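Residue numbers (the numbering used here), protein chains in the order written: chain A, 1 to 449; chain B, 1001 to 1449.
2 protein chains.
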Amino acid sequence: MTKKMHLAAFITAGPGRPGGWRLPDSVPGWLDASYYQNMARTLEDGRFDLAFFADIVSVPDRFGGSTDSQLRYGALGSLRVDPLPVIASMAAVTRHLGLAATVSTTYAQPFTVARSFASLDHLSGGRAAWNIVTSFQESEARNFNLDEQFDRSTRYERADEFLEVAGKLWDSWDDDALVLDVEQPLFADPDKVHRVDHKGRYFSVQGPLNVPRPPQGYPVLIQAGASSKGKDFAARWSDVIFCSHASKESAQSFYTEIKERAATFGRDPEEIKILPSITPVVGPTTARAKELADEIFELVPPIGGLSTLAYHLDVDLSTFPLDERLPEVEVPGVAGHYHEVREITEREGLTLRQLGKQYGGRYEGNFIGTADEVADGLQDWFEDGAADGFTLQVPYQPGGFETFTRQVVPRLQKRGIFRTEYEGSTLRENLGLTRPASGEWQRRSGAQG
Amino acid sequence: MTKKMHLAAFITAGPGRPGGWRLPDSVPGWLDASYYQNMARTLEDGRFDLAFFADIVSVPDRFGGSTDSQLRYGALGSLRVDPLPVIASMAAVTRHLGLAATVSTTYAQPFTVARSFASLDHLSGGRAAWNIVTSFQESEARNFNLDEQFDRSTRYERADEFLEVAGKLWDSWDDDALVLDVEQPLFADPDKVHRVDHKGRYFSVQGPLNVPRPPQGYPVLIQAGASSKGKDFAARWSDVIFCSHASKESAQSFYTEIKERAATFGRDPEEIKILPSITPVVGPTTARAKELADEIFELVPPIGGLSTLAYHLDVDLSTFPLDERLPEVEVPGVAGHYHEVREITEREGLTLRQLGKQYGGRYEGNFIGTADEVADGLQDWFEDGAADGFTLQVPYQPGGFETFTRQVVPRLQKRGIFRTEYEGSTLRENLGLTRPASGEWQRRSGAQG
Chain A
1 MTKKMHLAAF ITAGPGRPGG WRLPDSVPGW LDASYYQNMA RTLEDGRFDL AFFADIVSVP
61 DRFGGSTDSQ LRYGALGSLR VDPLPVIASM AAVTRHLGLA ATVSTTYAQP FTVARSFASL
121 DHLSGGRAAW NIVTSFQESE ARNFNLDEQF DRSTRYERAD EFLEVAGKLW DSWDDDALVL
181 DVEQPLFADP DKVHRVDHKG RYFSVQGPLN VPRPPQGYPV LIQAGASSKG KDFAARWSDV
241 IFCSHASKES AQSFYTEIKE RAATFGRDPE EIKILPSITP VVGPTTARAK ELADEIFELV
301 PPIGGLSTLA YHLDVDLSTF PLDERLPEVE VPGVAGHYHE VREITEREGL TLRQLGKQYG
361 GRYEGNFIGT ADEVADGLQD WFEDGAADGF TLQVPYQPGG FETFTRQVVP RLQKRGIFRT
421 EYEGSTLREN LGLTRPASGE WQRRSGAQG
Chain B
1001 MTKKMHLAAF ITAGPGRPGG WRLPDSVPGW LDASYYQNMA RTLEDGRFDL AFFADIVSVP
1061 DRFGGSTDSQ LRYGALGSLR VDPLPVIASM AAVTRHLGLA ATVSTTYAQP FTVARSFASL
1121 DHLSGGRAAW NIVTSFQESE ARNFNLDEQF DRSTRYERAD EFLEVAGKLW DSWDDDALVL
1181 DVEQPLFADP DKVHRVDHKG RYFSVQGPLN VPRPPQGYPV LIQAGASSKG KDFAARWSDV
1241 IFCSHASKES AQSFYTEIKE RAATFGRDPE EIKILPSITP VVGPTTARAK ELADEIFELV
1301 PPIGGLSTLA YHLDVDLSTF PLDERLPEVE VPGVAGHYHE VREITEREGL TLRQLGKQYG
1361 GRYEGNFIGT ADEVADGLQD WFEDGAADGF TLQVPYQPGG FETFTRQVVP RLQKRGIFRT
1421 EYEGSTLREN LGLTRPASGE WQRRSGAQG
């Protein structure tokens, strides 16, 4: 059997990239369950592995210390519905699609989060995934009783312990603990439900969880680690890694590095799926696709894009001249984004204003064209050691997903590199991942990279 | 128009009262979304105002310091799915039914909770309700980094501030802040989205929320306050009050007291709906209903009931002799439960063992009988100043809801005291409550009772 690629859809529970909401094909349904449920149906028809929701717990004010640019331009952080009830709504109308929500380890408690995802995993029949982030916006910290955020190493230390506790809680019911013997009576076997008695630096949690072990053992764990600490965390804990690369070469080197790190943590590199982000624009001809990309591009307000880039990089870009290039700066935020942004800036010689437009309406050059050309590009990355599959972003929702599903997916299927039917009933099975045995968290927590 | 009663269904996202899961008609579907979705459809067919989920964030160990009795007997705290994804699943298959989840103010952050319920309110088209609890189990505290729980007055002080912050966050977007002008572009008007800049004793929250103001203004707020602090909190904040009374007289005196307290906080007493809990057992004849109640009663393991009563009262009942009466004790837990329990114990002369059985399989004497007799009982309480409606508990799920909906609801409708069609599109409208204007939280926070 040929190796198959995996596809995730990156959905924003809000207006998405600035400009996207201005397109005639965009539907402003971010507050309606049916908006997400219709996308879920489209993606399941297209045999996607999962839908994936990023998140942020503030309206960012990193551009000029104000939320105005986010709100005015409908930028990425302007409006964000809580992804947890959104994925529960989507589960109700689908049977196979995996459903991932982002929750930060910095502003939540492990008992709460372990329980939410265990519950979602049961309710969806084994389709829940958790995208783990540590949050780095000052504006987020200020919504959670902090004057300033924890530094990166504290955040990752806390995240490591958070995952350890979550793992212990998911394992606190043995797989066969629920007995349901009406006669004895014996509802659950008390010998198979365990306190966790965790006492650590950040958390003290007695347990057990009040939800049985999830169908998938643990929900699928997703991470987007670009810094060195982030990569270690991802290599230790992730089933799926989401990343962002402006070129195949940079994707290849990230791919190789992560798979090697995973091995140093004692994991099978095949057990981690790396799905770089793509934003294809598909047209009936190459020329029409380029035209469409330009039309989308024209609708992006440069300040809207810069406002989002400012919070991704955690640098106040309002302080630099708009018509010069982005200078080299210290970037406390997402280092991967910065490298990518520098790469694009240098390659295309962009001013800050142009960069804002580009970042807001960005699309990787390889993936603008006809459906065949886009499929070629994806196949090339996939077969050339740059990706196990892709995380699809679209310039506008929900149309972008419909076009891709109708036009590109059948071509990938015809080439034999994408499924025509779901392989299993859980997300883990569809991703080709082993169900972790009880106690797996322990092995991973102890492993030294 | 005759005044209409309101009906809420009290559902457990787990096995419910001990013994209930042992009944042949019980369906062990607590981990399946379809289990809840089917109940939601039944309740909407029966024109219920809302479905209501209690919650607890631990497996209680108040009986003998161990979780064994809860797990073995499938008692109330043995297994509890997170109610938030559950109500999101139920929203997906209904159009009118209100959906309430319990979240504790003691172990969560106001930004998170305000956002969850704002999101649920949007996604459900204005049907979300929050049952506010402060949590009093030591076992819960020990799942959230505490060696012992906060005392009652700290919990209520924190809860008051929590509600104040939540109110500010719900009001941080003006009702008309979202503009969606594609031309300008103007996504949201920055002048109509406000930071909250809350700095208090327990919380420091900058805001704004990243979700527009909920369709209902605020989600419907529910509270079950039995202590004096609880009653004040409920009179200040609640739209709906859930309570538990063993007799009409005790329900009447609670009803009068709460309506008076609400008035002292400057609220219209009509704006608070008091819905005492009932657990009817309906049969084709009075004799058959009593028999059925006895059959249910027989399946209740006394220790399962005592184990739950122990955590409700927060008293380790394993230390008292099983075949004597419950002595008078200091009750740190739910005082209302204790009064009710004492009332029943004295009236019926129960030993602790009998009390355990009774508490596990309890049913108020008035509401066992034919559908007509049950309807008589409800009408009597409703018309005699004891209730604005009822919160229906059932001895077994989902059958108990089906029986009530099929047999009792039509009789209430025939008598003109219950709706035949939903009056409005939001839960608030169906409850006959005004949509709070922006800033309402401020008036209530400032009001001195």
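Note that the Cβ used here is the ideal one computed from N, Cα and C, for glycine as well.
A quick note: this is a predicted structure, and the numbers were derived from the prediction, not measured.
Under the 8 angstroms criterion on CB atoms, A/S425 is classed as non-interfacial with respect to chain B.
For A/S238, there is no enclosing alpha helix (DSSP H), as DSSP marks it with neither H nor E.
Contact between the region 1261-1275 of chain B and the region 1426-1446 of chain B is present, with at least three C-beta pairs closer than 8 angstroms. With its beta carbon at least 8 angstroms from every one in chain B, A/V394 lies outside the interface. The beta carbon of B/W1030 sits closer than 7 angstroms to the beta carbons of A1013, G1014, P1015, L1079 and V1081 from its chain, once the five residues preceding and following it are set aside; these are given in chain order. Assigned with DSSP and collapsed to three states, B/Q1358 falls in helix.
S78, L79, R80, V81, D82, P83, L84, P85, V86, I87, A88, S89 and M90: these are the residues of the region 78-90 of chain A whose beta carbon lies less than 9 angstroms from some beta carbon of chain B, given in chain order. At a Cβ-Cβ threshold of 8 angstroms, A/T308 and A/Y255 do not count as neighbours. Relative to the Cα of B/L1221, the nearest Cα in the group B/Y1156, B/R1062, B/F1117 and B/Q1393 belongs to B/F1117.
With its beta carbon less than 8 angstroms from one in chain B, A/T67 belongs to the interface. Across the region 217-244 of chain A, no CB contact with chain B closer than 7 angstroms is found for any residue. With a beta-carbon spacing of about 3 angstroms, A/G126 and A/T426 fall inside the 8 angstroms limit used to define contacts.
Using a Cβ-Cβ cut-off of 8 angstroms, A/L99 does not count as an interface residue toward chain B, since no Cβ of chain B sits closer than that to its own. Look at A/T286 here: in three-state DSSP terms it is helix. Rounded to the nearest angstrom, the gap between the Cα atoms of A/F382 and B/G1167 is 49 angstroms.
DSSP, read as helix, strand or coil, puts A/S78 in coil. Residue pairing of A/S104 in beta bridges, as defined by DSSP: A/V133. DSSP places A/K259 outside any beta strand (DSSP E); the residue lies instead in the alpha helix (DSSP H), whose first and last residues are K248 to T264.
The three-state secondary structure of A/W30, taken from DSSP, is coil.
Listed by position along chain A, the residues whose Cβ is nearer than 8 angstroms to that of B/V1133 form an empty set, because the closest Cβ is around 14 angstroms away. Proximity of chain A to B/W1381 at the Cβ level (cut-off 8 angstroms) is not reached, the minimal Cβ distance being about 33 angstroms. Going by C-alpha positions, B/R1062 is about 25 angstroms away from B/E1157. If you draw a straight line from the Cα of A/E298 to the Cα of B/A1177, it comes to about 25 angstroms. DSSP assignment within the region 1282-1332 of chain B yields no whole beta strand (DSSP E) run of 3 residues or more.
Here the alpha carbons of B/S1135 and B/D1160 stand approximately 14 angstroms from one another.
B/H1122 has a beta carbon lying within less than 8 angstroms of a beta carbon in chain A. Taken in chain order, the complete beta strand (DSSP E) segments of 3 or more residues contained in the region 1364-1422 of chain B are 1389-1392. Chain B places a beta carbon closer than 8 angstroms to that of A/P185, counting this residue as a contact.
Identification of residues in the region 1265-1279 of chain B having a C-beta nearer than 8 angstroms to some C-beta of chain A yields an empty set. In the pairwise beta carbon analysis, the region 235-254 of chain A is classified as not touching the region 1101-1119 of chain B: fewer than three pairs are separated by under 8 angstroms. Assigned with DSSP and collapsed to three states, B/Q1223 falls in strand. Shown here, B/K1168 sits in a helix according to DSSP, grouped into three states.
Using beta-carbon distances, A/A33 counts as an interface residue toward chain B, with a partner under 8 angstroms.
With a cutoff of 8 angstroms on beta-carbon distance, B/L1392 and B/A1128 are scored as not near each other. When beta bridges are read from the DSSP output, B/H1198 appears opposite B/V1205. Scanning chain B for C-beta atoms nearer than 8 angstroms to the C-beta of A/G20 yields nothing, as the closest lies near 11 angstroms away.
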